[in-house]
Every structure is written in structure tokens, then in C-alpha cells.
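Residue numbers (our numbering): 1 to 135.
Reading through the C-alpha cells given below for one structure.
Now the structure itself:
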């Protein structure tokens with residue numbers, strides 16, 4: 001039933017001289033569609049670049065871990081000292097920066113505000129976490 005109704009409306013528009021207006025609307029819609037397609041292509045290119053950058057950063061973190069310089073434990077990296085033991089500063093496995101903790105009741109988190117990574121232990125747990133690190 002809907003299709004005959006649309007056909008009838010289209011016939012009435014054509015009969016009453018509004019075909020020019022309809023063509024203008026179609027032209028405007030085609031222009032907007034072209035702009036949307038162009039925007040989509042730009043966003044796809046930007047996304048591909050971001051995916052590539054993310055893979056590079058993940059590889060960089062992986063290389064740091066493979067070097068034996070860091071040990072990951074409870075969602076944080078701990079740097080080995082040349083004389084044995086570990087540095088008392090946990091590092092973020094996502095951004096690679098040192099982590100910090102507000103008071104002893106909150107979890108350690110990355111120093112980079114855009115990172116957002118939080119470790120699986122709180123400030124008060126740091127000594128216990130150090131005791132559990134492999135020798």
C-alpha cells in the first residue's frame with residue numbers, strides 16, 4: 001500500500017511543477033552524500049594510522065620486557081637492578097612511564113594522564129609485591 005501512495009505523491013509533484021524543487025533537493029542530498037563519503041575515507045585513513053601506531057607501541061613495550069630489564073607482576077613492570085633486586089618504582093606496561101599512588105589505599109596508576117592503566121595492587125601492598133618478585 002505504501003508504494004502506490006509514494007507513486008501518487010510523485011505523480012502529483014510532477015504534475016504541479018515541483019520537479020525542479022525535487023531535483024534541487026536530490027542535488028543537495030548527493031552533495032551531502034559526497035561529503036560524508038569523503039569524511040568516512042579520511043576517518044578510515046586516520047584509524048589505519050592509529051592502529052599502526054598502537055602496534056608499534058605494543059611492540060616497543062614487548063621489546064622492553066623481552067630484554068630482561070623489566071619483570072611484569074600484578075599489572076606493573078619492575079626494573080631489575082644490576083646488583084640484584086629491583087628498583088622500588090613500578091613502571092606502567094602500557095605507557096612505559098613510572099607509576100604513582102595517592103596514599104596507601106589507592107592502586108598505582110600510570111603517570112601519563114591519557115594512559116589510564118592501573119596496577120592490580122595498592123600503595124600499601126608494595127612491600128608484599130616486592131617480596132613476591134622472582135629473584
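Backbone N, C-alpha and C define an ideal beta-carbon position, used for all residues, glycine too.
*State the beta-bridge partners of residue 40 as determined by DSSP.*
Within the chain shown, the letter at position 40 stands for residue 40. Paired residue(s): none; residue 40 is not in a bridge.
_Let's see if you can read the secondary structure: which residues bound the alpha helix (DSSP H) around residue 126?_
Your numbering for residue 126 matches position 126 in the chain shown. Residues 126–132.
*On the DSSP bridge assignment, give the partners of residue 104 in chain order.*
Within the chain shown, numbered from 1, the residue matching residue 104 stands at position 104. For residue 104, which the question treats as bridged, DSSP gives no partner whatsoever.
*asked:* Looking at the secondary structure, which residues open and close the beta strand (DSSP E) in which residue 73 lies?
replied: Position 73 of the chain shown, counted from the first residue, corresponds to residue 73. Counting along the chain, residue 73 sits inside the beta strand (DSSP E) bounded by residues 70–73.
*Sort 102, 109, 87 by Cα distance to residue 131 and report the nearest one.*
Sequence index remark: in the chain shown, residue 131 carries index 131 (1-based). Answer by Cα proximity: 87.
*Ignore the nearest five residues each way along the sequence and tell me which others in residue 107's own chain have a CB closer than 6 angstroms to its CB.*
Against the chain shown, residue 107 aligns to sequence position 107. Within the same chain, 118, 119, 122 come within 6 angstroms of residue 107 by CB-CB distance, once the 5 residues on both sides are set aside.
_Spatially closest choice to residue 89 from 38, 99, 15, by CA coordinates_ = Translated into the one-based positions of the chain shown, residue 89 becomes position 89. Considering only alpha carbons, the answer is 99.
*Is residue 48 helix, strand or coil when you go by DSSP?*
As a first step, residue 48 is located in the chain shown; it is residue number 48 there, counting from the start. Note: residue 48 maps to helix in three-state DSSP.
*Distance between residue 45 and residue 94 (C-alpha atoms, nearest Å)*: Translated into the one-based positions of the chain shown, residue 94 becomes position 94. Translated into the one-based positions of the chain shown, residue 45 becomes position 45. For residue 94 and residue 45, the gap between their C-alpha atoms comes out near 24 angstroms.
*Euclidean distance between Cα positions of residue 129 and residue 60*: Along the chain shown, one-based indexing puts residue 129 at 129. Along the chain shown, one-based indexing puts residue 60 at 60. For residue 129 and residue 60, the gap between their C-alpha atoms comes out near 25 angstroms.
*asked:* So the candidates are 92, 80, 82; which of them puts its Cα closest to the Cα of residue 74?
replied: Working through the chain shown from its first residue, we reach residue 74 at position 74. Looking from the CA of residue 74, the closest CA among 92, 80, 82 belongs to 92.
_Status (buried if at least 16 other CB within 10 Å, exposed otherwise) for residue 109_ = Here residue 109 refers to the residue found at position 109 of the chain shown. Buried, because 16 or more other Cβ atoms sit within 10 Å of the Cβ of residue 109.
*How about residue 133 and residue 71: are their beta carbons less than 8 angstroms apart?*
As a working note, residue 133 is residue 133 in the chain shown. As a working note, residue 71 is residue 71 in the chain shown. Yes, they are a contact pair.
*Where residue 157 falls, given that 16 or more other Cβ within 10 Å makes a residue buried*: Since the first and last residues shown for the chain are 1 and 135, residue 157 lies out of range.
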